[in-house]
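Asks: Letter by letter, the first sequence follows residues 438 to 842 in the numbering used here. Glycine included, every Cβ here is placed at the ideal spot set by N, Cα and C. Because the structure is a prediction, the values reported are computed rather than measured.
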Amino acid sequence: MSVFDTLKERGYLAQVTHEEELKKALETEQLTFYMGFDPTADSLHVGHFLALMAMSHMQKAGHRPLCLVGGGTGTVGDPSGRTDMRKMLTDADIEHNCNCFKKQMARFIDFSEGKALMINNGDWLRKLNYIELLRDVGAHFSVNRMLAAECYKQRLERGLTFLEFNYMIMQAYDFMELNRRYGCVLELGGDDQWSNIIAGVELIRRKEAKPSYGMTFNLLTNSEGKKMGKTAKGALWLDPKKTTPYEFYQYWRNIADSDVEKCLALLTFLPMDEVRRLGSYKDEKINEAKKVLAFEVTKLVHGEEEALKAQEAAQALFSGKGNMDNAPTINITDADFGKKLLDILVDNKVFESKGAGRRLIAQNGVSIGDDKWTDVEKVLTIEDLANGDMIIRKGKKKFYRLIKA
RNA sequence: GGGUAGGUGCCCGAGUGGUUAAAGGGAACGGACUGUAAAUCCGUCGCCGUAGGCUACGAUGGUUCGAAUCCAUCCCUGCCCA
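1. Measuring alpha carbon to alpha carbon, tell me which residue in N824, G637, E742 and I828 is nearest T454.
2. How long is the line joining the alpha carbons of G666 and K815, rounded to whole angstroms?
3. Tell me the residue span of the beta strand (DSSP E) that contains D826.
4. Return the first residue and the last residue of the alpha helix (DSSP H) that P502 is part of.
5. Would you say A609 touches the ligand GTP, meaning its beta carbon is less than 7 Å from a heavy atom?
6. According to DSSP, is N659 part of a helix, a strand, or is it coil?
7. By Cβ distance below 7 Å, which residues in the same chain neighbour I635 in space, the five residues on each side in sequence not counted?
8. Hey, how far is the Cα of L503 from the Cα of A553?
9. Would DSSP call K540 helix, strand or coil?
10. Following the continuous alpha helix (DSSP H) through F486, name the residue where it begins and the one where it ends.
11. Spatial neighbours of K777 within its chain, please: C-beta separation below 6 Å, excluding the five flanking residues on both sides.
12. What does DSSP give as the partner residue(s) for I767 in the beta ladder?
13. Taking Cβ positions, are G847 and N557 nearer each other than 8 Å?
14. Using the C-alpha atoms, what's the distance from F548 back to G620?
15. Do you know how far the Cα of R838 is from the Cα of I769?
16. Can you grab the Cα-Cα spacing for the pair G775 / A842, in whole Å?
17. Output the residue ranges of the alpha helix (DSSP H) runs that lie fully inside the region 571-659 and measure 4 residues or longer, sorted by chain position.
18. CA-CA distance, A823 and D710?
19. Assuming the contact rule is C-beta atoms closer than 8 Å, M495 and E624 should be a hit. Round their C-beta distance to whole Å, please.
20. Note the first and the last residue of the continuous alpha helix (DSSP H) segment covering S756.
21. Taking just the CA atoms, how far does L656 sit from M555?
22. Can you name, in chain order, every residue of its own chain whose Cβ lies under 6 Å from the Cβ of A498, other than the five neighbours on each side?
23. Can you tell me whether N411 is helix, strand or coil according to DSSP?
24. P765: which of K835, L707 and D821 sits nearest, CA to CA?
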């Protein structure tokens with residue numbers, strides 16, 4: 438089976454240029470392809486992970502990935518699908534973020550022996566000369582056509598700056614540059630990148646008189662069409678400091694029944710037979726599939742050891758028995774004894790504020806061990822930790838284990 | 001630069017001198033029901049707190065017993081004109 442079919446079967450593909458040609462090329466040649474990542478944060482998130490999975494499938498099929506970090510485009514900001522202008526990042530931020538991205542990508546893409554390359558478009562974009570660029574590239578872009586592009590639609594209603602309007606040109610230029618330097622003939626991206634990708638394909642055709650291709654992936658959405666990978670704290674990050682492996686595991690453990698099969702196909706390497714088998718589970722049994730999903734995804738992102746720990750912690754917490762060592766922990770120092778438990782938990786961000794904590798307690802939303810917490814004024818004493826730890830349960834699914842540091 | 005419409009809580013959005021911590025909706029959170037699911041129902045949803053207080057409606061000043069609401073200046077955004 439060709440990668441193209443694999444990607445299609447697993448549900449990655451949204452749109453493709455020249456489908457038949459590309460499919461044939463992917464079957465008969467080793468292509469160099471690229472995908473761009475704009476350094477808007479200091480960690481990749483699940484949306485990127487989805488894309489990296491697709492790239493990994495491609496690499497496994499013998500094609501060469503180029504990971505382009507947007508040291509240049511990041512300064513401009515992609516307006517696609519945005520209702521407001523991105524925050525301007527400083528050069529230092531961008532460099533820092535690019536470095537963070539690089540480290541994380543190495544988990545999913547094999548960069549050894551030149552099997553994949555990491556490239557920064559700042560290397561050429563920052564050197565561009567305005568007049569030259571205008572004459573050389575600008576002449577090939579029709580403003581009328583750009584304005585009609587889907588990616589600008591929303592922004593035309595709410596305001597679009599010239600800076601952001603140029604993003605498409607930068608991205609098209611990147612593709613052309615990669616085509617010249619590395620023989621890159623295929624650009625991948627989220628489906629929101631479609632307009633930008635075809636702009637590049639077209640630019641290469643005009644300037645280089647060569648064919649090139651574009652392929653976009655479906656954004657990771659749930660069965661209701663909403664973006665997945667959002668948590669109360671924002672995105673579901675791949676950086677364990679921003680989203681712990683346990684939280685990460687729990688996110689997938691808790692997804693809707695109707696999304697299990699899709700996620701297994703997109704976010705794990707399990708064979709499709711297995712994916713379909715797990716996805717067909719009904720009612721309570723589908724929890725088995727969710728466990729597999731959570732474990733597999735966590736393993737890919739954080740490694741097997743962390744995945745096992747997360748799994749163990751979840752099992753211990755939800756069943757009330759087993760090894761609690763890996764549960765989310767709050768360290769208690771001697772100075773904490775004698776303080777109000779509520780205050781300690783607020784300090785540790787278990788509650789957003791004392792008021793929020795009080796409300797939760799009043800609503801019977803918090804337990805200490807197996808008992809509902811009723812006394813808001815409770816003071817933490819040494820006896821509370823006499824058995825080694827104290828489990829605080831917030832709502833149904835959030836657990837915190839207090840232990841003496 | 002000129003004209004004009006705006007800037008309200010996580011988001012959308014009502015409010016145009018006191019009864020407004022600010023309608024309504026969404027999101028989120030808790031409870032019931034369950035399967036660590038969905039749907040549904042109930043509740044909560046600025047901060048501190050017993051009462052009560054404090055901080056908030058782009059920013060800064062001002063008018064007033066009292067301002068999100070009135071005035072001035074400034075900043076930002078949309079639209080039209082140049």
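Replies: The answer reads as follows:
1. Position 17 of the first sequence, counted from the start, is the residue given in the question as residue 454. Nearest C-alpha to T454: G637.
2. Here residue 666 refers to the residue found at position 229 of the first sequence. Here residue 815 refers to the residue found at position 378 of the first sequence. In a straight line, the C-alpha of G666 is about 36 Å away from that of K815.
3. Taking the first sequence and counting its residues from 1, one reaches residue 826 at position 389. Note, D826: beta strand (DSSP E), D826 to K831.
4. Walking along the first sequence from the start, residue 502 turns up at place 65. No alpha helix (DSSP H) holds P502; the beta strand (DSSP E) holding it covers R501 to V506.
5. As presented, the structure is devoid of all ligands, the ligand GTP included, so that no description of it is given.
6. Counting from 1 along the first sequence, the entry for residue 659 is found at position 222. In this structure, N659 counts as coil in the three-state DSSP scheme.
7. By 1-based counting over the first sequence, the position of residue 635 is 198. Here the set comprises T454 and G651.
8. Within the first sequence, the letter at position 66 stands for residue 503. Within the first sequence, the letter at position 116 stands for residue 553. Going from the Cα of L503 to the Cα of A553 covers about 6 Å.
9. Sequence index remark: in the first sequence, residue 540 carries index 103 (1-based). The answer is helix: DSSP assigns K540 an H, G or I state.
10. The count along the first sequence starts at 1 and reaches residue 486 at position 49. F486 -> alpha helix (DSSP H) spans V483 to K497.
11. For this step, residue 777 is matched to residue 340 along the first sequence. Around K777, the same chain offers V816 as residues with beta carbons nearer than 6 Å, after the five sequence neighbours per side are excluded.
12. For this step, residue 767 is matched to residue 330 along the first sequence. In the DSSP assignment, the residues bridged to I767 are L839.
13. This structure gives no information on residue 847, because the portion of the chain shown stretches from 438 to 842.
14. As a first step, residue 620 is located in the first sequence; it is residue number 183 there, counting from the start. As a first step, residue 548 is located in the first sequence; it is residue number 111 there, counting from the start. Cα atoms of G620 and F548: separation of roughly 18 Å, rounded to the nearest angstrom.
15. The residue given as residue 769 occupies position 332 in the first sequence. The residue given as residue 838 occupies position 401 in the first sequence. The C-alpha of R838 is placed about 10 Å away from the C-alpha of I769.
16. Along the first sequence, read from residue 1 onward, the residue named residue 775 stands at position 338. Along the first sequence, read from residue 1 onward, the residue named residue 842 stands at position 405. Going by the C-alpha atoms only, they are around 16 Å apart.
17. If you keep only unbroken alpha helix (DSSP H) runs of at least 4 residues inside the region 571-659, you get 580-585, 587-595, 599-602, 604-619 and 631-645.
18. Taking the first sequence and counting its residues from 1, one reaches residue 823 at position 386. Taking the first sequence and counting its residues from 1, one reaches residue 710 at position 273. Those two C-alpha atoms are separated by around 50 Å.
19. Taking the first sequence and counting its residues from 1, one reaches residue 495 at position 58. Taking the first sequence and counting its residues from 1, one reaches residue 624 at position 187. Wrong, their Cβ atoms sit about 12 Å apart, outside the cutoff.
20. Locating residue 756 in the first sequence gives position 319, where the first residue counts as 1. DSSP places S756 in the uninterrupted alpha helix (DSSP H) bounded by E741 to S756.
21. Mapped onto the first sequence, residue 555 falls at position 118. Mapped onto the first sequence, residue 656 falls at position 219. Approximately 23 Å between the Cα atoms of the pair.
22. Locating residue 498 in the first sequence gives position 61, counting from the first residue. Only V440 meet the Cβ criterion.
23. Nothing can be reported for residue 411, as the shown portion of the chain is limited to 438 through 842.
24. In the first sequence, counting from the first residue as 1, residue 765 sits at position 328. Among K835, L707 and D821, the Cα nearest to that of P765 is on K835.
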